[in-house]
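S.K.:
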Amino acid sequence: MYACIHLTSGLTSGGDEGALLRCAEGFSPAAESDGGQSVVFGVSGLGVIYGEPERIAGAVAERARQEGLAANVAVSWNVEAAKLLARHFPGVTALGPGETEAAVSALEVGALPLPPAVLGTLALWGVRTLGEFAALPEAGLARRLGPETAGWRRMARGALERPLVGAARPAEFRAGLELEDPIELLEALVFALGRCLSEVCARLWASGLAAGGLDLRLSLGDGSCDERLVELPLPLGSARTLLRIVRLEIEKRPPDNCVRAISVAARPAEPRRLQRGLFLPGAPEPERLELTLAKIRALVGEDRVGVPELIDTHHPRPFRLVPGRLPEVARAPAPPGPRRPCLLSTRHVSPPEAAEVATEAGRPARVKAGRISGKVIAAAGPWKAAGDWWGAGRWEREEWDVALAGGSVLRIFSDETGWHLDGTYD
Amino acid sequence: MGLRRSARRAPLPTGIPEVDAVIGGVPRGAITEIVGREGAGRTSVLLRLLASATSGGETCAYVDTGDVFDPAGAAASGVALSQVVWVRCGGEVSHALRAADYFVQAGGFGLVALDLGAVPPCRLGNIRTPYWHRFRLAVGETPTVLAVLSAEAVARGCSRARLLVRQKRRLWSGEQGGRLFRGIDFEISALKPDPGGAVTVTASPHLW
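From first to last, the protein sequence lines stand for chains A and B.
Mind the numbering: the first sequence is residues 309 to 734 in this note's numbering, read in order.
Mind the numbering: the second sequence is residues 397 to 604 in this note's numbering, read in order.
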């Protein structure tokens with residue numbers, strides 16, 4: 309047995325876009341919507357609560373009225389019959405199988421979702437009502453108008469049986485708490501957040517999804533609202549891991565006032581599906597890695613943890629740190645390549661440190677920069693370098709490699725602001 | 397319940413064939429110290445070790461106490477940067493130690509490089525010994541190599557291998573006015589577990 313709610317005059321002032329589905333879901337979790345004008349749902353088990361189909365239809369109509377919907381309501385034995393009755397019979401209708409066929413037989417054939425060509429053919433044949441259409445022989449109809457005609461003919465008799473096609477609606481993964489007493493302690497807040505996150509994760513898990521990010525909203529005692537966006541580089545489904553990440557976020561920037569209400573919403577994402585090879589080297593568990601990086605970010609700062617990346621530029625420091633990126637894991641070992649010569653590495657001074665450089669005949673003779681100082685015993689340069697002259701980031705400098713008596717070899721440079729220590733060879 | 401047998405794992409090659417021929421690589425599941433004065437060539441050794449780990453497909457971490465890491469030079473040395481997490485600690489030794497601790501506790505890393513090279517020797521002694529015991533226990537029974545670069549040995553009895561890097565000579569070419577820095581010859585000697593013979597390696601700067 310199915311019920312259909314069909315809007316007669318669009319949405320009223322009290323209604324909204326989701327009112328129809330909300331109304332249907334008040335009776336059954338499975339509902340079929342046809343784009344906002346009507347909704348059909350199963351009411352088979354409601355006889356235990358409401359009794360006769362007429363009473364069920366009455367309860368549905370009352371609920372629709374409470375939602376602010378001006379609608380016809382029909383209850384019948386199959387989906388299409390319920391839809392047909394709700395569309396064309398005002399008020400509340402509840403009919404059994406035989407009654408439905410009799411009731412709809414007087415309706416025009418245009419009440420069925422027939423293609424215009426078929427409607428034109430039926431008009432030529434002089435078939436105007438559903439009763440006349442249902443009386444035509446099924447085999448002859450199928451031969452002349454196509455095999456799908458059999459379904460339309462059964463629909464015209466109110467006898468087409470088909471399952472509900474569940475309405476695809478955007479799922480909401482949100483949980484919240486209104487607190488009687490405001491929370492002032494971090495531990496209590498984390499406890500309450502854990503409950504919300506468990507609820508959200510259970511819903512995500514039931515839908516086969518994971519959290520791609522979290523929207524955290526804390527209503528504070530002074531009436532203000534603390535909203536935070538917790539970005540997750542990879543989808544996570546573990547409430548425990550999410551809670552630890554949220555805790556780090558809150559510890560980093562605690563709310564200014566006590567918390568009166570909590571709301572947590574997860575942005576759903578497809579969970580990771582990773583099949584590791586048997587012969588790949590071990591790698592950090594993604595959840596643990598994300599949690600580890602979150603802890604380190606809280607310790608040293610958001611922009612100081614990430615994966616290094618080279619930039620296509622001639623700048624002396626052609627790299628950057630990409631803060632939110634996770635390192636590649638479980639990568640196959642590279643095939644052995646040609647033997648690389650040992651390169652002498654540089655240790656940068658970040659940012660380049662101002663240096664005092666004494667020159668003799670235009671060449672550095674003595675260098676002092678921070679704790680490094682000494683007489684220059686050998687120097688190579690100047691190496692002139694410039695770049696980005698076409699933009700605001702224009703730079704130009706003269707570089708020197710200088711060896712100090714103590715054993716260090718430094719890279720120093722001079723620009724328009726003076727001498728600087730760029731780094732040391734090590 | 398019987399005694400546990402420690403997992404024997406192949407050591408991680410240093411990436412410098414002359415050194416690997418002598419010591420066979422650095423032990424996994426242990427702390428390895430790379431010790432030397434600034435300019436000795438210790439960073440070159442560490443980056444070769446990092447390159448060796450990333451070329452094996454392993455995920456690595458570089459805990460950069462003094463913000464000295466040069467990704468361009470590392471890439472030129474063969475390091476796959478996409479497999480490296482870089483943490484810049486801005487000179488805070490305590491942050492560096494905690495970050496390294498988080499990495500070794502997380503597990504799964506092939507190499508965790510803790511660069512204390514920017515810390516003056518007088519401050520290295522302030523690092524409390526329990527840190528090193530904790531590191532030793534955390535990496536034990538795992539394939540992780542915790543490589544510590546510093547001016548002086550800091551991990552004391554907690555490290556299983558220690559490489560001493562010393563500069564032998566600086567290489568220059570050309571005469572005054574047309575000189576070119578060609579690199580350094582440095583000497584690597586294993587102090588732990590078995591003191592071994594020294595190996596001399598030539599390292600040249602990367603020319604862009």
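Ideal placement from N, C-alpha and C gives every residue a C-beta, glycine not left out.
In angstroms, rounded to a whole number, what distance separates the CA positions of residue 340 (chain A) and residue 473 (chain A)?
M.R.: When rounded, the distance between both Cα atoms is 5 Å.
S.K.: Looking at chain A, which residues of the stretch 467-478 of chain B have a Cβ within less than 7 Å of any of its Cβ atoms?
M.R.: Within the stretch 467-478 of chain B, the qualifying residues are 467, 468, 469, 471, 472, 473, 474, 477, 478.
S.K.: With 16 other CB atoms within 10 Å as the buried threshold, where does residue 386 (chain A) fall?
M.R.: Its Cβ being crowded by 16 or more others within 10 Å, residue 386 (chain A) is buried.
S.K.: Among all the DSSP beta bridges, which residues are the ones paired with residue 380 (chain A)?
M.R.: Beta-bridge pairing links residue 380 (chain A) to A:314.
S.K.: Against chain A, with Cβ distances strictly below 8 Å, would residue 419 (chain B) count as a contact?
M.R.: No, its Cβ sits nowhere closer than 8 Å to a Cβ of chain A.
S.K.: May I have a chain-ordered list of the alpha helix (DSSP H) segments no shorter than 4 residues that lie completely inside the stretch 386-414 of chain A?
M.R.: DSSP runs (the alpha helix (DSSP H)) wholly in the stretch 386-414 of chain A: 387-396, 405-412.
S.K.: Looking at residue 330 (chain A) and residue 388 (chain A), is the spacing between their C-beta atoms short of 8 Å?
M.R.: Against a cut-off of 8 Å, the Cβ pair of residue 330 (chain A) and residue 388 (chain A) comes out as no contact.
S.K.: Is residue 391 (chain A) close to chain B, meaning its C-beta is less than 8 Å from at least one C-beta of that chain?
M.R.: No - not a single Cβ of chain B is within 8 Å of the one on residue 391 (chain A).
S.K.: Please state the DSSP three-state secondary structure of residue 698 (chain A).
M.R.: Three-state DSSP puts residue 698 (chain A) in coil, outside helix and strand.
S.K.: Please list the partners that residue 571 (chain B) has in chain A, where partner means a Cβ-to-Cβ separation under 9 Å.
M.R.: Neighbours of residue 571 (chain B) on chain A: none; closest Cβ ~11 Å, over 9 Å.
S.K.: Quick one: using the 10 Å Cβ neighbour count with 16 as the cut-off for buried, is residue 357 (chain A) buried or exposed?
M.R.: Result: exposed.
S.K.: Are the stretch 560-579 of chain A and the stretch 486-501 of chain A touching by the rule of at least three beta carbon pairs closer than 8 Å?
M.R.: In short, these stretches touch, since the Cβ pair count reaches three.
S.K.: Could you compute how far the alpha carbon of residue 561 (chain A) sits from the alpha carbon of residue 541 (chain A)?
M.R.: For residue 561 (chain A) and residue 541 (chain A), the distance between alpha carbons rounds to 20 Å.
S.K.: From residue 584 (chain B) to residue 502 (chain A), what distance separates their C-alpha atoms?
M.R.: Going by the C-alpha atoms only, they are around 53 Å apart.
S.K.: What are the start and end residues of the beta strand (DSSP E) that includes residue 718 (chain A)?
M.R.: Run containing residue 718 (chain A): 717-723, per the beta strand (DSSP E) assignment.
S.K.: Please list the terminal residues of the continuous beta strand (DSSP E) segment that includes residue 489 (chain A).
M.R.: 482-491 is the span of the beta strand (DSSP E), which, as asked, contains residue 489 (chain A).
S.K.: Determine which residues share a DSSP beta bridge with residue 395 (chain B) and list them.
M.R.: Here chain B covers residues 397 to 604 and nothing more, so residue 395 (chain B) does not appear.
S.K.: Within the 8 Å Cβ cut-off, does residue 607 (chain A) reach chain B?
M.R.: Yes, contact with chain B.
S.K.: Can you give me the start and stop residues for the beta strand (DSSP E) that residue 428 (chain B) sits inside?
M.R.: Unbroken beta strand (DSSP E) run through residue 428 (chain B): 426-431.
S.K.: Can you tell me whether residue 467 (chain B) is buried or exposed, with buried defined as 16 or more other CB within 10 angstroms of its CB?
M.R.: Its Cβ being crowded by 16 or more others within 10 Å, residue 467 (chain B) is buried.
S.K.: Hey, how far is the Cα of residue 524 (chain B) from the Cα of residue 535 (chain A)?
M.R.: Approximately 40 Å, taken between the alpha carbons.
S.K.: If we cut at 8 Å on Cβ distances, does residue 397 (chain B) have a partner in chain A?
M.R.: Its pLDDT being 47, under 50, residue 397 (chain B) is placed unreliably by the model, and nothing is read from it.
S.K.: Please report the distance separating the alpha-carbon of residue 488 (chain A) from that of residue 497 (chain A).
M.R.: Those two C-alpha atoms are separated by around 13 Å.
S.K.: By DSSP's criteria, residue 577 (chain B) is part of a beta bridge. Which residues make up the other side?
M.R.: DSSP output for residue 577 (chain B) lists B:568 as bridge partner(s).
S.K.: With a Cβ-Cβ cutoff of 8 Å, do residue 428 (chain B) and residue 592 (chain A) count as a contact?
M.R.: In this structure, residue 592 (chain A) does not lie closer than 8 Å to residue 428 (chain B) by Cβ.
S.K.: Tell whether a beta-carbon distance below 8 Å holds between residue 732 (chain A) and residue 722 (chain A).
M.R.: Result no, Cβ atoms of residue 732 (chain A) and residue 722 (chain A) do not sit closer than 8 Å.
S.K.: Tell me the DSSP bridge mates of residue 541 (chain A)?
M.R.: Paired residue(s): none; residue 541 (chain A) is not in a bridge.
S.K.: Less than 8 Å between the C-beta atoms of residue 420 (chain A) and residue 466 (chain A), yes or no?
M.R.: No, they are not a contact pair.
S.K.: If we ignore side chains and look at the alpha-carbon of each, how far apart do residue 596 (chain A) and residue 572 (chain A) end up?
M.R.: Going by the C-alpha atoms only, they are around 22 Å apart.
S.K.: Assuming residue 474 (chain B) contacts residue 447 (chain B) under a Cβ cut-off of 8 Å, what Cβ separation, rounded to an integer in Å, is found between them?
M.R.: Indeed, because the Cβ distance is near 4 Å, the residues count as touching under 8 Å.
S.K.: Can you grab the Cα-Cα spacing for the pair residue 460 (chain A) / residue 441 (chain A), in whole Å?
M.R.: If you take the alpha carbons of residue 460 (chain A) and residue 441 (chain A), they lie about 9 Å apart.
S.K.: Closer than 8 Å, CB to CB, is residue 728 (chain A) near chain B or not?
M.R.: No, no contact with chain B.
S.K.: Listed from N- to C-terminal order along the chain, which residues in the stretch 529-548 of chain B have their beta-carbon within a distance smaller than 7 Å of any beta-carbon of chain A?
M.R.: Listed by position, the residues of the stretch 529-548 of chain B near chain A (Cβ gap below 7 Å) are 539.
S.K.: Going by C-alpha distance, which of A:531, A:485, A:528, A:546 is nearest residue 513 (chain A)?
M.R.: Residue A:546 is the option with its Cα nearest to residue 513 (chain A).
S.K.: Tell me whether the stretch 426-435 of chain A and the stretch 394-405 of chain A touch, counting them as touching only if at least three CB pairs, one residue from each stretch, are closer than 8 Å.
M.R.: They do not touch, by the three-pair rule.
S.K.: Got a sec: is the Cβ-Cβ distance from residue 601 (chain B) to anything in chain A below 8 Å?
M.R.: Taking Cβ atoms only, chain A reaches closer than 8 Å to residue 601 (chain B), which makes this a yes.
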